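Trainee:
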Amino acid sequence: MDNASWHKSQKIRQMCEEAGMRVVFLPPYSPDFNPIEEYFGVLKRFIKKHWYENEELIKLDFQMFLVWCVRVVGDDYWIAQGHFRHAGISITKPAK
Numbered sequence: 001m002d003n004a005s006w007h008k009s010q011k012i013r014q015m016c017e018e019a020g021m022r023v024v025f026l027p028p029y030s031p032d033f034n035p036i037e038e039y040f041g042v043l044k045r046f047i048k049k050h051w052y053e054n055e056e057l058i059k060l061d062f063q064m065f066l067v068w069c070v071r072v073v074g075d076d077y078w079i080a081q082g083h084f085r086h087a088g089i090s091i092t093k094p095a096k
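Note that full-length UniProt numbering has the sequence shown beginning at 1, numbered continuously upward.
Put into structure tokens, the structure is as follows:
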């Protein structure tokens with residue numbers, strides 16, 4: 001986890017422990033170890049790339065456009081695997 005104060009609260013620590021999770025805090029100011037930061041970067045580039053071709057949808061329903069972007073980028077296993085690998089975390093693809 002990053003070092004946001006709410007991540008260090010006793011309640012969060014207890015919830016993680018009860019879920020069987022091991023909590024590891026990142027060094028301060030280290031977005032390169034946090035896969036979500038890479039994901040947000042890919043998502044921002046995807047939004048910029050598809051903005052103009054979806055201008056009408058954006059005018060009608062901006063939230064729908066954002067949901068679509070998040071689903072397309074978020075459903076790409078290989079993107080996620082690369083982000084975690086870059087952060088030094090090994091993941092395996094879930095069995096179907």
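Cβ atoms here follow ideal geometry from the backbone N, Cα and C, with glycine treated the same way.
Small disclaimer: the values here were computed from a predicted structure and weren't measured.
#1: One question on the structure: do Y39 and G74 come within less than 9 Å of each other, judged by their Cβ atoms?
#2: Following the continuous alpha helix (DSSP H) through V60, name the residue where it begins and the one where it ends.
#3: Cα separation between G20 and L26?
#4: Please look up how many angstroms separate the CB atoms of H83 and P35, rounded, as I've assumed it's under 8 Å.
#5: From Q63 to S90, what distance separates their C-alpha atoms?
#6: Which residue wins for smallest C-alpha separation from H86, given the options E55, Q10, E18 and E37?
Mentor: Based on what the coordinates show:
#1: Here residue 39 corresponds to residue number 39 of the sequence shown, with the count starting at 1. Here residue 74 corresponds to residue number 74 of the sequence shown, with the count starting at 1. Cβ atoms of Y39 and G74: closer than 9 Å.
#2: Within the sequence shown, residue 60 is the residue found at index 60, counting from 1. The residue you asked about is not Val; residue 60 is Leu in the sequence shown. Taken as a continuous stretch (DSSP letters only), the alpha helix (DSSP H) holding L60 covers E55 to L60.
#3: Here residue 20 is taken as the residue at index 20 of the sequence shown, counted from 1. Here residue 26 is taken as the residue at index 26 of the sequence shown, counted from 1. Going by the C-alpha atoms only, they are around 19 Å apart.
#4: The residue given as residue 83 occupies position 83 in the sequence shown. The residue given as residue 35 occupies position 35 in the sequence shown. Yes, they are in contact, since the Cβ atoms of H83 and P35 sit about 4 Å apart, within 8 Å.
#5: Reading the sequence shown from its first residue, position 63 is the one you call residue 63. Reading the sequence shown from its first residue, position 90 is the one you call residue 90. If you take the alpha carbons of Q63 and S90, they lie about 33 Å apart.
#6: On the sequence shown, residue 86 is found 86 positions in, with the first residue counted as 1. When only C-alpha atoms are compared, the closest one is E37.
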